[in-house]
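So the sequence lines, in the order shown, correspond to chains A and B.
Quick note: the first sequence, position 98, residue 98 per UniProt numbering, numbers continuous.
Quick note: the second sequence, position 81, residue 81 per UniProt numbering, numbers continuous.
2 protein chains.
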Amino acid sequence: MKNNRRDFIIKAGLGAVAALPLAAVAKAPESKERFVHHVYFYLKEDNAANRAKLTEGLLKLSKVPTIKLFHIGEAAPTTRDVIVRDYSLSWLCFFENLEEEEIYQKHPIHLKFIADYGYLWSKVNVYDSIGPKR
Amino acid sequence: MKNNRRDFIIKAGLGAVAALPLAAVAKAPESKERFVHHVYFYLKEDNAANRAKLTEGLLKLSKVPTIKLFHIGEAAPTTRDVIVRDYSLSWLCFFENLEEEEIYQKHPIHLKFIADYGYLWSKVNVYDSIGPKR
Numbered sequence: 001m002k003n004n005r006r007d008f009i010i011k012a013g014l015g016a017v018a019a020l021p022l023a024a025v026a027k028a029p030e031s032k033e034r035f036v037h038h039v040y041f042y043l044k045e046d047n048a049a050n051r052a053k054l055t056e057g058l059l060k061l062s063k064v065p066t067i068k069l070f071h072i073g074e075a076a077p078t079t080r081d082v083i084v085r086d087y088s089l090s091w092l093c094f095f096e097n098l099e100e101e102e103i104y105q106k107h108p109i110h111l112k113f114i115a116d117y118g119y120l121w122s123k124v125n126v127y128d129s130i131g132p133k134r
Numbered sequence: 001m002k003n004n005r006r007d008f009i010i011k012a013g014l015g016a017v018a019a020l021p022l023a024a025v026a027k028a029p030e031s032k033e034r035f036v037h038h039v040y041f042y043l044k045e046d047n048a049a050n051r052a053k054l055t056e057g058l059l060k061l062s063k064v065p066t067i068k069l070f071h072i073g074e075a076a077p078t079t080r081d082v083i084v085r086d087y088s089l090s091w092l093c094f095f096e097n098l099e100e101e102e103i104y105q106k107h108p109i110h111l112k113f114i115a116d117y118g119y120l121w122s123k124v125n126v127y128d129s130i131g132p133k134r
């Protein structure tokens with residue numbers, strides 16, 4: 001993660017931070033892997049109001065404490081024929097590892113999200129992948 | 001992005017960095033959006049040697065300068081029936097915006113990646129999504 005963090009910081013243009021002594025930033029034990037959870041939602045009725053409603057729910061869901069990073073997106077205007085564009089919203093989360101994603105799956109905030117917003121979608125396609133931080 | 005960066009830093013346990021004056025870290029102009037490019041590769045012959053070969057290529061590809069973050073993963077051992085697990089490797093990249101992803105698409109490093117490693121895969125499914133940084 002040290003290299004990864006430095007890379008992140010440098011690419012974000014945060015030279016001042018990168019120059020800090022590493023001891024000043026290396027407080028928490030760090031995982032060597034990253035669990036990527038990417039959900040593509042297909043709304044029953046795909047319109048702006050329902051996308052906004054689902055986004056509202058996802059922002060509540062983002063408070064699950066094991067989520068390290070999240071992103072909510074809509075299909076970009078890219079159109080090469082390998083590109084899948086038929087979903088309504090994309091929900092991407094990073095976790096430290098499988099165990100922390102399992103905590104998310106069972107977390108009361110997640111269960112309440114499904115109970116409160118599950119009526120909106122007809123289908124989800126979920127891609128879970130794991131790999132080393134680099 | 002300020003909130004997003006602070007969120008990232010806090011979630012990563014880097015309290016010391018978050019306490020810096022913002023002026024010290026806000027050097028580069030920052031995009032308000034994030035472009036997420038997620039590719040699922042299906043290898044012609046899916047085995048460890050070919051996954052390693054493709055990973056080698058993706059690590060070269062990761063040098064395209066407009067890539068802000070990348071991740072290479074394999075399907076996690078999660079098995080709920082909404083989970084898609086039939087791909088060989090996942091390649092995830094973050095860009096600042098559509099224009100920077102277009103630079104990546106046309107970049108010589110990307111073209112060389114396709115020329116050198118394209119023989120390995122039979123199919124790619126690509127999901128491009130855009131949303132605000134939060």
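Glycine residues also receive a C-beta, built at the ideal position from the N, C-alpha and C atoms.
Owing to the predicted nature of the structure, the values given are computational and were not obtained by experimental measurement.
Tell me the rounded alpha-carbon separation between residue 41(A) and residue 119(B).
The alpha-carbon atoms of residue 41(A) and residue 119(B) are separated by roughly 32 Å.
Using C-beta distances below 8 Å, list every residue in its chain close to residue 54(B), excluding the 5 sequence neighbours before and after it, in chain order.
Result list for residue 54(B): 41, 43, 88, 89, 117, 120 and 121, in chain order.
Taking 6 Å as the limit between beta carbons, can you name the residues of its chain near residue 31(B), skipping five residues before and five after?
So the qualifying residues of the chain are 96 and 97.
Excluding sequence positions up to five away, which residues of its chain have a Cβ less than 7 Å from the Cβ of residue 132(A)?
Cβ neighbours of residue 132(A) beyond the five flanking positions: 32 and 33.
Please go through the same chain and pick out, in chain order, the residues whose beta-carbon is closer than 8 Å to the beta-carbon of residue 35(B), but skip the five residues on each side of it.
Answer for residue 35(B): 94, 95, 96, 97, 98, 100, 101, 128, 129 and 130, listed in chain order.
In whole angstroms, give me the CA-to-CA distance for residue 64(B) and residue 115(B).
Each residue's Cα considered, the two are about 16 Å apart.
Start and end of the alpha helix (DSSP H) containing residue 48(B)?
Note, residue 48(B): alpha helix (DSSP H), 48-61.
Could you tell me whether the Cβ of residue 135(A) comes closer than 8 Å to any Cβ of chain B?
Residue 135(A) is absent from the structure shown; chain A starts at 1 and stops at 134.
How big is the Cα-Cα spacing for residue 135(B) and residue 110(B)?
Limits of chain B in this structure are 1 at one end and 134 at the other, which puts residue 135(B) out of reach.
Run down chain D in chain order and give the residues with a C-beta less than 7 Å from the C-beta of residue 129(B).
Here chain D cannot be found, since the structure's protein chains are A and B.
Using DSSP bridges, identify the partner residues of residue 128(B).
In DSSP, residue 128(B) forms a bridge with 37(B).
Counting only beta-carbon separations shorter than 8 Å, does residue 111(A) have a partner in chain B?
No, residue 111(A) does not count as interfacial toward chain B.
Apart from the five residues on each side of it in sequence, which residues of its chain come closer than 6 Å, Cβ to Cβ, to residue 50(A)?
Taken in chain order, the residues that qualify are 43 and 120.
Shortest alpha-carbon distance to residue 57(B) belongs to which of 112(B), 86(B) and 47(B)?
The candidate whose alpha carbon is nearest that of residue 57(B) is 112(B).
Spell out whether any CB of chain A is found under 8 Å from the CB atom of residue 107(B).
It does not; no Cβ of chain A falls within 8 Å.
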